[in-house]
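Have a look at the structure below, then the notes.
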Amino acid sequence: MGDAMRAETVRMTGHGGDEIEAYLAQPLDGGPYGGVVVIHHMPGYDEATKEITRRFADHRYLAICPNLYSREAPGASPDDAAAAARARGGVPDERLVGDAEGARRYLTSMASSNSKVGIIGYCSGGRQAFLAACRLDLEAAVDCYGAFVVGSPPAGRSLKVSPLVHLAKDLSCPLLGLFGAEDQFPSPEQTSELEKVLSEEGKAHEFHTYQGAGHAFFATDRPSYRPEAANDGWGRIWDFFGRYLATH
Amino acid sequence: MCTYETATLPVQGAGKGAQGWFPLSQASVYFDHPARVPAEHALNIDLLNVERGAAARVAVELDADSARRLAEAIMAILGSAPASLVALGTGRD
Chain H
0 MGDAMRAETV RMTGHGGDEI EAYLAQPLDG GPYGGVVVIH HMPGYDEATK
50 EITRRFADHR YLAICPNLYS REAPGASPDD AAAAARARGG VPDERLVGDA
100 EGARRYLTSM ASSNSKVGII GYCSGGRQAF LAACRLDLEA AVDCYGAFVV
150 GSPPAGRSLK VSPLVHLAKD LSCPLLGLFG AEDQFPSPEQ TSELEKVLSE
200 EGKAHEFHTY QGAGHAFFAT DRPSYRPEAA NDGWGRIWDF FGRYLATH
Chain S
0 MCTYETATLP VQGAGKGAQG WFPLSQASVY FDHPARVPAE HALNIDLLNV
50 ERGAAARVAV ELDADSARRL AEAIMAILGS APASLVALGT GRD
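Listed below in structure tokens is the structure:
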């Protein structure tokens, strides 16, 4: 098996037939490969998220990260785009689902796809990955510290975000949850509640909550980075996607 | 955590961004993940002209103490300025 890969900006069809920007990373040694949709964090479609996307290709997955802020800020720098999206109230849930479905279709249409697609999201993207996994037909989903799957933001906040736990009955695939014990959004109590609901619904899941880690412990460019939690978490991700997205 | 907490408000004035001066139409204020400052959370202020596109933005990211002192300074300066001038709003006269 070689290690060549290619990574580049592409155009894909998202929600409502809109053409949006995305970052595609693909291994080049033949395949067929499983696919991963990467949902970026609230600070946007930035260098750190592109690095994560390439990491999946390095592990022999087709990976695509749609720029969820393409419409608000075409061609803008990631920080300006994130600010523009925030000023307009954030990414509507319906649009997220449409963009994730477009990304899934993009991957399965590739000649080197094995037709299996999972999703992973970080921070706000963790919540969005859960949402997509409840609304779309996927093979595996990973929620990295997504807030407000359980629980509502305090009243009066201008970003439109609502709890999703009522959708758990529709979860289409196994869910891996990776959380920090020191995080408050989501808090360990909230992730325990989600775990309880998933168990009651008979949905396959595995949750890991890391001591000494808070929110965004995977983020190598931020002071929240916790190497022990992140390294173990990456191991869990490779094991999980290996089970559900591998070519047999 | 993503706080999602964002205050948006219309503003009048001008800001200087990467492309020079431009008229401002909106401000966003939020305590959430910053783009640049090495902290997990910061008090972020975006001064925007939404009609001119995402790059029409003046951005600052401050630690909470700095943000409080800035807010107090703004209020103190406005409070000490002659009421007849502050009441004019834009201060153009």
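Going down the list, the protein sequences come from chains H and S. Using numbering that gives the first Met the number 0, you'd call the opening residue of the first sequence number 0 and step up by one each time. Using numbering that gives the first Met the number 0, you'd call the opening residue of the second sequence number 0 and step up by one each time. The beta carbon of each residue, even a glycine, is placed where N, CA and C say it ideally should be.
Straight-line gap, residue i to residue j (C-alpha atoms, nearest Å)
i	j	result
Y224/H	R56/S	29 Å
W237/H	A13/S	50 Å
L174/H	I44/S	36 Å
P31/H	T246/H	7 Å
A53/S	R104/H	29 Å
L77/S	P9/S	19 Å
A24/H	Q210/H	32 Å
R126/H	V85/S	45 Å
A63/S	F30/S	8 Å
D57/H	V28/S	38 Å
H14/H	E20/H	12 Å
Buried/exposed call for residue i, threshold 16 Cβ in 10 Å
i	result
T219/H	exposed
H207/H	exposed
I63/H	buried
I119/H	buried
N230/H	exposed
G16/H	exposed
Contact check, residue i vs residue j, beta carbons under 9 Å
i	j	result
L61/H	S123/H	no
G176/H	L193/H	yes
L137/H	V116/H	yes
E60/S	P33/S	yes
V90/H	A82/H	no
D98/H	P65/H	yes
A66/S	L42/S	yes
Enclosing alpha helix (DSSP H) for residue i [first to last residue]
i	result
C122/H	Unbroken run through C122/H: none, as it is neither H nor E.
L193/H	187-199
F55/H	46-57
Contact set for residue i: own chain, Cβ-Cβ below 8 Å, skip 5 residues either direction
i	result
L244/H	G33, G34, V35, Y60, N113, K115, V116, G117, E138, A139
D169/H	C133, R134
L69/S	L61
Cβ shell of residue i (< 6 Å), same chain only, five flanking positions each side left out
i	result
A58/S	D45
F184/H	A146
D92/S	Caution is warranted here: a pLDDT of 38 is assigned to D92/S, below 50, making its placement in the model unreliable, and no coordinate value can be reported.
A102/H	V36, I63, P65
Residues near residue i in its chain [Cβ-Cβ closer than 7 Å; skip 5 each side]
i	result
E7/H	L23
V196/H	V164, A167
D79/H	A72
Residue range of the unbroken beta strand (DSSP E) whose run includes residue i
i	result
Y22/H	18-26
T107/H	Taken as a continuous stretch (DSSP letters only), T107/H belongs to no beta strand (DSSP E), being part of the alpha helix (DSSP H) at 92-107.
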